[in-house]
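A quick write-up on the structure given underneath.
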Ligand code: HAM
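Numbering (the working numbering), first residue to last: 3 to 435.
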């Protein structure tokens, strides 16, 4: 048995899984192109301070943080947004807005490993920076919808809310930021009783607690009266009303656009990351209780990093979970079925010729391997059959002398001897049907 295995929470991707990961990545790139997002590549290792400042306790406490050999406090990125905001704050000064930026890659969180929860996972991340308008929020929702559709997924739904509602209430009740963040973290984990207890302990009035209890019960389809009910519920809180109206505008825009997205409003919805200031959302399918993606509006992060005041909204799609969803829903990948073959040298003398001919076939775009295990022809053919290859090219003594090769159609068990110059044409003809 091997002495080594992967570190807990880390995984190898075998060929089928690697192919599936690249398929989802490819869909994300397609969506990025269709919506005009330019790819940027940021480092996996960043300063701990940058990554932690607005990550929220949940993500902060799970970072792979360490000192590098230069005694710097660094960490593996737990997400992309902080890196993109850093880059924009430093390098995009005075550039015409908006910025549409896309990243894809691995991120790291010391989560408790379980199905769909890993310590190394992949995200495709989209950030739209420079606009505080509802059409920017709508674009992020639409492109996420488009990615899920492009990946072939069915029955996915969006949970949507607005952190401005809860923050509006907390600010008016003068809860300090630290307490607000603590309450939001608890609400994100649906530990509502604990959350309300923290609010109560600050001396907040009973009315505030009543409003919070009502809000967490308020859920409904976007086209129901749920936003009216939210508004009525928060009528004492000026900024919470503004937030509710902002959510209404975003929902109305999408509804009037005619795009079919299933949006479920959840008035007590909170997310762990602390930089959100506006609309927030997550995507789900019925058979998985964990989100396939999540995002929202964060208007103050870039200025916090020393950049110009730049409102922004974005999303990260959990590629590993989208892969799980594709497997569950048995979505065919529609990947190209390339014909494959093997070149078999019959003896010592034909080995060099086999290398040469294989190169010639590859130059013509044919996928071909070489028999390198020293097997006799019958065994080599047996192996090619077992691996469901389409053709074999056999180079023997006679062929070597006559400048020919024998080409065998493995499915039909037919064989032809042709001049080397005719090999590509013959293989193409044989494997065409
Ligand atoms: P997030 O909700 O922390 O948001 O992560 C986005 C997605 O990453 C989740 O919905 C989930 O699919 C996936 N994910 C999270 N943790 C794990 C894990 N341990 N294993 C597998 N998949 C996981 C963000 O990262 C924000 N940066 C999104 C954003 C971008 N907001 C604005 N711009």
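C-beta atoms are modelled at their ideal positions from N, C-alpha and C, and glycine is treated no differently.
Cβ shell of residue i (< 6 Å), same chain only, five flanking positions each side left out
i	result
residue 371	344
residue 86	103 and 129
residue 163	268, 271 and 282
residue 186	272
residue 84	52 and 53
residue 37	145
residue 340	369
residue 253	224
residue 119	113
residue 25	335
Residues near residue i in its chain [Cβ-Cβ closer than 8 Å; skip 5 each side]
i	result
residue 76	47, 48, 49, 50, 67, 68, 69 and 70
residue 309	87, 90, 91, 92, 94 and 95
residue 352	397, 398, 399, 401 and 402
residue 3	none
residue 65	50, 53, 54, 57, 77, 78, 80, 110, 111 and 112
residue 204	175, 177 and 181
residue 383	346, 394, 410 and 412
residue 290	118, 323, 326, 327 and 330
Span separating the alpha-carbon of residue i from that of residue j
i	j	result
residue 27	residue 153	10 Å
residue 232	residue 265	16 Å
residue 182	residue 197	10 Å
residue 20	residue 256	35 Å
residue 195	residue 262	36 Å
residue 405	residue 396	12 Å
residue 331	residue 156	8 Å
residue 278	residue 299	6 Å
residue 373	residue 347	7 Å
residue 1	residue 126	The structure shown has nothing for residue 1, since the chain only spans 3 to 435.
residue 293	residue 228	22 Å
residue 107	residue 124	5 Å
residue 427	residue 415	18 Å
residue 60	residue 189	12 Å
residue 365	residue 148	37 Å
residue 422	residue 17	33 Å
residue 141	residue 433	45 Å
residue 324	residue 380	43 Å
residue 82	residue 105	7 Å
residue 168	residue 237	13 Å
residue 173	residue 312	22 Å
residue 258	residue 429	55 Å
residue 136	residue 220	22 Å
residue 117	residue 327	12 Å
residue 32	residue 240	42 Å
residue 6	residue 378	35 Å
residue 99	residue 45	24 Å
residue 14	residue 63	25 Å
residue 226	residue 301	28 Å
residue 244	residue 288	32 Å
Rounded Cβ spacing between residue i and residue j (contact assumed at less than 8 Å)
i	j	result
residue 317	residue 336	Wrong, their Cβ atoms sit about 25 Å apart, outside the cutoff.
residue 235	residue 213	6 Å
residue 314	residue 306	Not a contact, Cβ separation roughly 12 Å.
residue 280	residue 166	6 Å
residue 161	residue 284	5 Å
residue 41	residue 30	Rounded, the Cβ-Cβ distance is 10 Å, inconsistent with contact.
residue 442	residue 170	In this structure the chain extends from 3 to 435, so residue 442 is not present and cannot be described.
residue 286	residue 158	7 Å
residue 321	residue 23	6 Å
Contacting residues, own chain, Cβ-Cβ under 7 Å from residue i (five flanking each side not counted)
i	result
residue 211	198, 201 and 202
residue 12	121 and 122
residue 115	10, 11 and 121
residue 386	344, 394 and 412
residue 274	58, 60, 61, 187 and 190
residue 73	none
residue 184	200
Short CB-CB distance (under 9 Å) between residue i and chain B
i	result
residue 28	Absence of chain B from the displayed structure is noted, only one protein chain being present.
- prompt: Between the segment 92 to 100 and the segment 124 to 139, do three or more beta carbon pairs fall short of 8 Å?
  reply: Touching, yes.
message: Please give me, in chain order, every unbroken run of the alpha helix (DSSP H) with length at least 4 that falls completely inside the segment 286 to 344.
response: Here the runs fully enclosed are 303 to 306 and 321 to 330.
message: Give the list of continuous alpha helix (DSSP H) stretches no shorter than 4 residues that lie fully inside the segment 331 to 407.
response: If we require 4 residues or more, the alpha helix (DSSP H) runs fully inside the segment 331 to 407 come out as 352 to 365, 379 to 388 and 399 to 404.
query: Between the segment 195 to 210 and the segment 245 to 253, do three or more beta carbon pairs fall short of 8 Å?
result: The segment 195 to 210 vs the segment 245 to 253: no contact.
message: For the pair the segment 178 to 193 and the segment 358 to 367, tell me if three or more CB-CB distances fall below 8 Å.
response: The segment 358 to 367 and the segment 178 to 193 do not touch, with fewer than three beta-carbon pairs separated by less than 8 Å.
- request: Note down, one range per segment and in chain order, each alpha helix (DSSP H) of at least 4 residues found wholly within the segment 9 to 67.
  value: The qualifying runs are 17 to 37, 50 to 54 and 59 to 62.
- request: Mind listing, in chain order, the continuous beta strand (DSSP E) runs of no fewer than 3 residues lying wholly within the segment 108 to 179?
  value: Given a length threshold of 3 residues, each whole run of the beta strand (DSSP E) inside the segment 108 to 179 is given here in chain order: 122 to 131 and 159 to 164.
task: Return the chain-ordered ranges of every beta strand (DSSP E) run that is complete within the segment 178 to 237 and spans a minimum of 3 residues.
output: Runs found: 221 to 223.
Length at least 3, wholly inside the segment 238 to 273: the beta strand (DSSP E) runs in chain order: For secondary structure counted as the beta strand (DSSP E) over 3 or more consecutive residues, the segment 238 to 273 holds these complete runs in sequence order: 265 to 268.
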